[in-house]
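Enquirer:
Protein chains in written order, with our numbering: chain A, 408 to 633; chain B, 108 to 187.
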């Protein structure tokens, strides 16, 4: 049987090191818990019983991040192969879904975001700065009524969501579509809970602006029609 | 009924915590009061709830292609 080091040798170790520093698996009670020595049989059992049931959610997450079927396929495959490789840092019975989502999110940032058309980080920083300014605090409610969005269909919501910078899109996917708690999101994204809360708040304001534009262009809101 | 809310930003943040199931008992109690007395808060609550439901219920859920599941399963068999 190959050791962990040998198994890792065919992967870009920089990414893997960032991904799962030893003993830093999600929900692990203590950072110095030694890696678990699962037998091959146990590894396959964990993989099939705890990892595979989340594959549809993982595929949806990958597709919403990459907005491309081929990239989503590759990303999900990379993530599951990494998960198997690092299975010894997963503790049985802990939150497998959050653990897998974290690996997928890191793989996306390290391997996919840079080759996608999206200007990495730049637009996010801009938006973050804008929304931190005092002006933003003053006009924090978006002028939009529940009735104007109630007729929107999934495709229209998806288009609005896809137009958000990826970091904002991600928190909305994790919270509203996948139903993770703030605490789980903090672990998946490696950010403090306070940041989860504020990023989610800003993401939703942006999404509502997009929905408002969409609704008014569709004539749902006559007053705002241009 | 209040027609204008003087702290709508804070109220909005609180409403989101409540809809996300992350609010404290105290915040829940405060929202209850606001939903009986503050018109802008009622409207914000309905909008936030509607947007969250759009995301939760109306977005297309895709299934992972079976071919990909098969590929992953066969690849991990060659690992150890």
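Backbone N, C-alpha and C define an ideal beta-carbon position, used for all residues, glycine too. The structure displayed is predicted, hence computed values, not measured ones.
Give the interface partners of residue 125 of chain B over in chain A, defined as CB-CB distance under 9 angstroms, in chain order.
Expert: Mapped onto the second chain, residue 125 of chain B falls at position 18. Under the 9 angstroms cutoff, chain A gives no residues; its nearest Cβ is about 13 angstroms from residue 125 of chain B.
Enquirer: Taking C-beta to C-beta, are residue 154 of chain B and residue 553 of chain A nearer than 8 angstroms?
Expert: As a first step, residue 154 of chain B must be located in the second chain, where it is residue number 47. As a first step, residue 553 of chain A must be located in the first chain, where it is residue number 146. A contact, by the Cβ cut-off of 8 angstroms.
Enquirer: From residue 178 of chain B to residue 501 of chain A, what does the alpha carbon distance come to, in whole angstroms?
Expert: For the purposes of this step, residue 178 of chain B is identified with residue 71 of the second chain, where counting begins at 1. For the purposes of this step, residue 501 of chain A is identified with residue 94 of the first chain, where counting begins at 1. Rounded to whole angstroms, residue 178 of chain B to residue 501 of chain A spans 26 angstroms at the Cα level.
Enquirer: Find the nearest neighbour of residue 609 of chain A within the set A:623, A:577, A:597 and A:504, judged by alpha-carbon distance.
Expert: Counting from 1 along the first chain, the entry for residue 609 of chain A is found at position 202. Of the candidates A:623, A:577, A:597 and A:504, the one whose C-alpha sits nearest the C-alpha of residue 609 of chain A is A:577.
Enquirer: Between the Cα of residue 460 of chain A and the Cα atoms of A:504, A:445 and A:450, which residue gives the shortest distance?
Expert: Translated into positions along the first chain, residue 460 of chain A becomes position 53. When only C-alpha atoms are compared, the closest one is A:504.
Enquirer: Just confirm the distance between the C-beta atoms of residue 468 of chain A and residue 580 of chain A, as a whole number of angstroms; I'd bet it's less than 8 angstroms.
Expert: Residue 468 of chain A sits at position 61 when you count from the first residue of the first chain. Residue 580 of chain A sits at position 173 when you count from the first residue of the first chain. Between residue 580 of chain A and residue 468 of chain A the Cβ distance is about 6 angstroms, and since that is below 8 angstroms, they are a contact.
Enquirer: Does the beta carbon of residue 574 of chain A sit closer than 8 angstroms to a beta carbon anywhere in chain B?
Expert: For the purposes of this step, residue 574 of chain A is identified with residue 167 of the first chain, where counting begins at 1. Residue 574 of chain A does not count as touching chain B.
Enquirer: Going along chain A, which residues have a C-beta under 9 angstroms from residue 153 of chain B?
Expert: Locating residue 153 of chain B in the second chain gives position 46, where the first residue counts as 1. Within chain A, the residues near residue 153 of chain B are 552, 553 and 554.
Enquirer: Check this for me: beta carbons of residue 507 of chain A and residue 158 of chain B, under 8 angstroms apart or not?
Expert: What you label residue 507 of chain A is simply residue 100 of the first chain in a count that begins at 1. What you label residue 158 of chain B is simply residue 51 of the second chain in a count that begins at 1. Taking 8 angstroms as the Cβ cut-off, residue 507 of chain A and residue 158 of chain B do not qualify as a contacting pair.
Enquirer: Output yes if chain B places a C-beta closer than 8 angstroms to the C-beta of residue 561 of chain A; else output no.
Expert: Here residue 561 of chain A refers to the residue found at position 154 when the first chain is read from its first residue. Interface residue, yes.
Enquirer: Among the residues of its own chain, which have a CB less than 7 angstroms from the CB of residue 479 of chain A, if the five just before and after it don't count?
Expert: Indexing the first chain from 1 puts residue 479 of chain A at position 72. Only 466, 469, 470 and 473 meet the Cβ criterion.
Enquirer: Suppose contacts are defined by Cβ-Cβ distances below 8 angstroms. Is residue 512 of chain A in contact with residue 596 of chain A by that definition?
Expert: To locate residue 512 of chain A, count along the first chain from 1; it is residue 105. To locate residue 596 of chain A, count along the first chain from 1; it is residue 189. The answer is yes: Cβ separation under 8 angstroms.
Enquirer: Against chain A, does residue 122 of chain B count as a neighbour if the rule is that its beta carbon must be under 8 angstroms from one of theirs?
Expert: Here residue 122 of chain B refers to the residue found at position 15 of the second chain. For residue 122 of chain B, the answer is no, since every Cβ of chain A falls outside 8 angstroms of its Cβ.
Enquirer: Residue 170 of chain B: buried (16+ other C-beta within 10 angstroms of its C-beta) or exposed?
Expert: Translated into the one-based positions of the second chain, residue 170 of chain B becomes position 63. Exposed, because fewer than 16 other Cβ atoms sit within 10 Å of the Cβ of residue 170 of chain B.
Enquirer: Along chain B, in chain order, which residues have C-beta atoms closer than 8 angstroms to that of residue 480 of chain A?
Expert: Within the first chain, the letter at position 73 stands for residue 480 of chain A. Going along chain B in sequence order, the residues near residue 480 of chain A (Cβ under 8 angstroms) are 172 and 175.
Enquirer: What number of angstroms, rounded off, separates the C-alpha of residue 584 of chain A from the C-alpha of residue 445 of chain A?
Expert: Translated into the one-based positions of the first chain, residue 584 of chain A becomes position 177. Translated into the one-based positions of the first chain, residue 445 of chain A becomes position 38. Going from the Cα of residue 584 of chain A to the Cα of residue 445 of chain A covers about 33 angstroms.
Enquirer: Does residue 573 of chain A pass the burial test, meaning 16 or more other C-beta atoms within 10 Å, or should it be called exposed?
Expert: The sequence position of residue 573 of chain A within the first chain is 166, counting from 1. Classification of residue 573 of chain A: buried, given that the 10 Å Cβ count is 16 or more.
Enquirer: Nearest CA to the CA of residue 149 of chain B: which residue from B:186, B:115 and B:184?
Expert: Mapped onto the second chain, residue 149 of chain B falls at position 42. Taking only the C-alpha atoms, the option nearest residue 149 of chain B is B:115.
Enquirer: The alpha helix (DSSP H) with residue 565 of chain A in it runs from where to where?
Expert: Residue 565 of chain A sits at position 158 when you count from the first residue of the first chain. It spans 561 to 569 - the alpha helix (DSSP H) in which residue 565 of chain A sits, taken as one unbroken run.
Enquirer: Quick check on residue 109 of chain B: does DSSP put it in helix, strand or coil?
Expert: Locating residue 109 of chain B in the second chain gives position 2, where the first residue counts as 1. Note: residue 109 of chain B maps to strand in three-state DSSP.
Enquirer: Taking DSSP as the reference, what is the three-state secondary structure of residue 431 of chain A?
Expert: As a working mapping, residue 431 of chain A is identified with position 24 in the first chain. Note that residue 431 of chain A has pLDDT 43, beneath the 50 cutoff, so the model's placement of it is unreliable and the number below is only indicative. DSSP places residue 431 of chain A in coil when its eight states are reduced to three.
Enquirer: How would you call residue 123 of chain B, buried or exposed, if buried means at least 16 neighbouring beta carbons within 10 angstroms?
Expert: Within the second chain, the letter at position 16 stands for residue 123 of chain B. Buried, since its Cβ has 16 or more Cβ neighbours within 10 Å.
Enquirer: Whose C-alpha, out of B:109, B:113, B:120 and B:185, is nearest the C-alpha of residue 156 of chain B?
Expert: Here residue 156 of chain B is taken as the residue at index 49 of the second chain, counted from 1. Taking only the C-alpha atoms, the option nearest residue 156 of chain B is B:120.
Enquirer: Please classify residue 582 of chain A: does DSSP put it in a helix, a strand, or coil?
Expert: As a working mapping, residue 582 of chain A is identified with position 175 in the first chain. Helix at residue 582 of chain A.
Enquirer: Go ahead and pull the three-state DSSP assignment for residue 546 of chain A.
Expert: Locating residue 546 of chain A in the first chain gives position 139, counting from the first residue. Residue confidence is low: residue 546 of chain A scores 49 on pLDDT, short of 50, so the model does not pin down where it sits. Its coordinate-derived value is still stated next. Note: residue 546 of chain A maps to coil in three-state DSSP.
Enquirer: Please confirm if residue 135 of chain B has its CB atom under 8 angstroms from at least one CB of chain A.
Expert: As a position in the second chain, residue 135 of chain B is number 28, starting the count at 1. No, its Cβ sits nowhere closer than 8 angstroms to a Cβ of chain A.
Enquirer: Identify which residue in A:457, A:558 and A:451 has its Cα closest to the Cα of residue 625 of chain A.
Expert: Translated into the one-based positions of the first chain, residue 625 of chain A becomes position 218. Closest by alpha carbon: A:558.
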